[in-house]
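Take a look at the structure below.
Numbering (the working numbering), first residue to last: 3 to 237.
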């Protein structure tokens with residue numbers, strides 16, 4: 003739980019912090035700002051998953067945790083505990099990012115994103131994320147997850163109109179920063195609902211495309227299980 007909290011905190015600090023930096027360094031150049039934000043987030047995810055994957059699985063996302071529980075990779079109790087840690091971490095990360103750029107600790111975003119296009123984008127982005135992660139787990143390639151997840155999210159910043167939040171916990175955190183990466187509280191429920199739908203769709207896609215997925219496959223998401231097993235066998 004602590005690894006999920008710290009990882010979620012750092013992920014949110016990266017997303018919001020790079021958004022604020024992009025706004026500051028490239029004012030009025032939205033395409034460049036988005037590129038800077040996406041690049042930092044993609045690389046940041048790669049590093050964070052490498053760092054925390056062997057401890058908690060580096061979910062940093064309630065949707066991933068609950069899909070993992072649905073595949074019996076972790077228990078439902080663990081999924082709920084992870085969810086609480088992830089939301090807390092994202093809230094803390096938003097405060098940290100604001101303070102690092104000499105802003106007030108908490109400022110509610112005014113960026114309204116509640117449109118049908120944004121909702122559809124979140125469904126697609128979240129379903130794709132679930133499919134990428136669990137397809138790699140099913141095919142024994144979870145060691146590629148850090149790079150694959152980072153690349154997918156960076157790419158989804160551009161091919162979705164919502165800039166691919168794909169994570170209910172980070173939606174909550176991003177409400178509390180009135181910056182380039184923020185989201186208005188009135189838009190947050192729409193995003194969370196779309197992400198839940200995307201998570202269910204992703205689960206169905208994995209079941210259809212990889213019908214033989216087992217609880218052991220799910221337990222190796224981002225190589226947490228393999229890494230721990232390796233440590234045990236060498237001791």
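Using N, Cα and C, we set each Cβ at its ideal position, and we do this for glycine too.
Check: So, using beta-carbon positions, are residue 51 and residue 60 closer together than 7 Å?
Finding: Mapped onto the chain shown, residue 51 falls at position 49. Mapped onto the chain shown, residue 60 falls at position 58. Taking a C-beta distance under 7 Å as the contact criterion, residue 51 and residue 60 qualify as a contact pair.
Checklist line | Spatial distance of residue 257 from residue 147 (CA atoms) | finding: Given that the chain is displayed from residue 3 to residue 237, the structure contains no residue 257 and the question cannot be resolved.
Margin query: So within the segment 13 to 59, which uninterrupted alpha helix (DSSP H) runs reach at least 4 residues, ignoring any that extend past its ends?
Written below: Counting only runs that start and end inside the segment 13 to 59, the alpha helix (DSSP H) elements of at least 4 residues fall at 32 to 58.
Notebook entry, point to check: Relative to the alpha-carbon of residue 150, which residue among 44, 25 and 167 has its alpha-carbon at the smallest distance?
Noted result: As a position in the chain shown, residue 150 is number 148, starting the count at 1. Minimum Cα-Cα distance from residue 150 among the listed residues 44, 25 and 167 corresponds to 44.
Check: By Cβ distance below 6 Å, which residues in the same chain neighbour residue 17 in space, the five residues on each side in sequence not counted?
Finding: For the purposes of this step, residue 17 is taken as the residue at position 15 of the chain shown. Around residue 17: 43 and 183.
Notebook entry, point to check: Hey, residue 136 and residue 54 are a contact pair by Cβ (cut 8 Å); roughly how many whole angstroms apart?
Noted result: Within the chain shown, residue 136 is the residue found at index 134, counting from 1. Within the chain shown, residue 54 is the residue found at index 52, counting from 1. With a Cβ gap of about 18 Å, residue 136 and residue 54 do not count as contacting.
Margin query: Checking 7 Å against the spacing of the C-beta atoms, do residue 111 and residue 177 come in under that value?
Written below: The residue labelled residue 111 in the question sits at position 109 within the chain shown. The residue labelled residue 177 in the question sits at position 175 within the chain shown. Yes, the Cβ-Cβ distance between residue 111 and residue 177 is below 7 Å.
Item checked: Residue nearest to residue 163 in terms of C-alpha spacing, selected from 24, 133 and 125 -> Residue numbering aside, residue 163 sits at position 161 when the chain shown is read from its first letter. Taking only the C-alpha atoms, the option nearest residue 163 is 125.
Check: Between the Cα of residue 154 and the Cα atoms of 205, 171, 173 and 128, which residue gives the shortest distance?
Finding: Looking up residue 154 in the chain shown gives position 152. Ranking the options by Cα distance to residue 154, first place goes to 128.
Next item on the list: Pick out whichever of 87, 141 and 167 has its Cα sitting closest to the Cα of residue 10.
Entry: As a first step, residue 10 must be located in the chain shown, where it is residue number 8. Checked all of 87, 141 and 167; the closest Cα to residue 10 is 87.
Margin query: Do residue 114 and residue 189 have their beta-carbon atoms positioned less than 7 Å apart in this structure?
Written below: For the purposes of this step, residue 189 is taken as the residue at position 187 of the chain shown. For the purposes of this step, residue 114 is taken as the residue at position 112 of the chain shown. Residue 189 places its beta carbon less than 7 Å from that of residue 114.
Check: Distance, Cα to Cα, residue 186 vs residue 152?
Finding: Counting from one through the chain shown, the residue named residue 186 turns up at place 184. Counting from one through the chain shown, the residue named residue 152 turns up at place 150. Distance between the alpha carbons of residue 186 and residue 152: 25 Å.
Check: Looking at the structure shown, is residue 180 part of a helix, part of a strand, or coil, going by DSSP?
Finding: As a position in the chain shown, residue 180 is number 178, starting the count at 1. In this structure, residue 180 counts as coil in the three-state DSSP scheme.
Check: Nearest-angstrom Cα distance between residue 14 and residue 159?
Finding: Taking the first residue of the chain shown as position 1, residue 14 is located at position 12. Taking the first residue of the chain shown as position 1, residue 159 is located at position 157. Between the C-alpha atoms of residue 14 and residue 159 there is a straight-line separation of about 15 Å.
Margin query: Only counting the same chain, and skipping five residues up and downstream in sequence, which positions put a Cβ closer than 6 Å to that of residue 168?
Written below: Locating residue 168 in the chain shown gives position 166, where the first residue counts as 1. Answer for residue 168: 127, 128 and 131, listed in chain order.
Checklist line | Simplified DSSP assignment, three categories, for residue 1 | finding: Outside the modelled stretch of the chain, which goes from 3 to 237, sits residue 1, for which no answer is possible.
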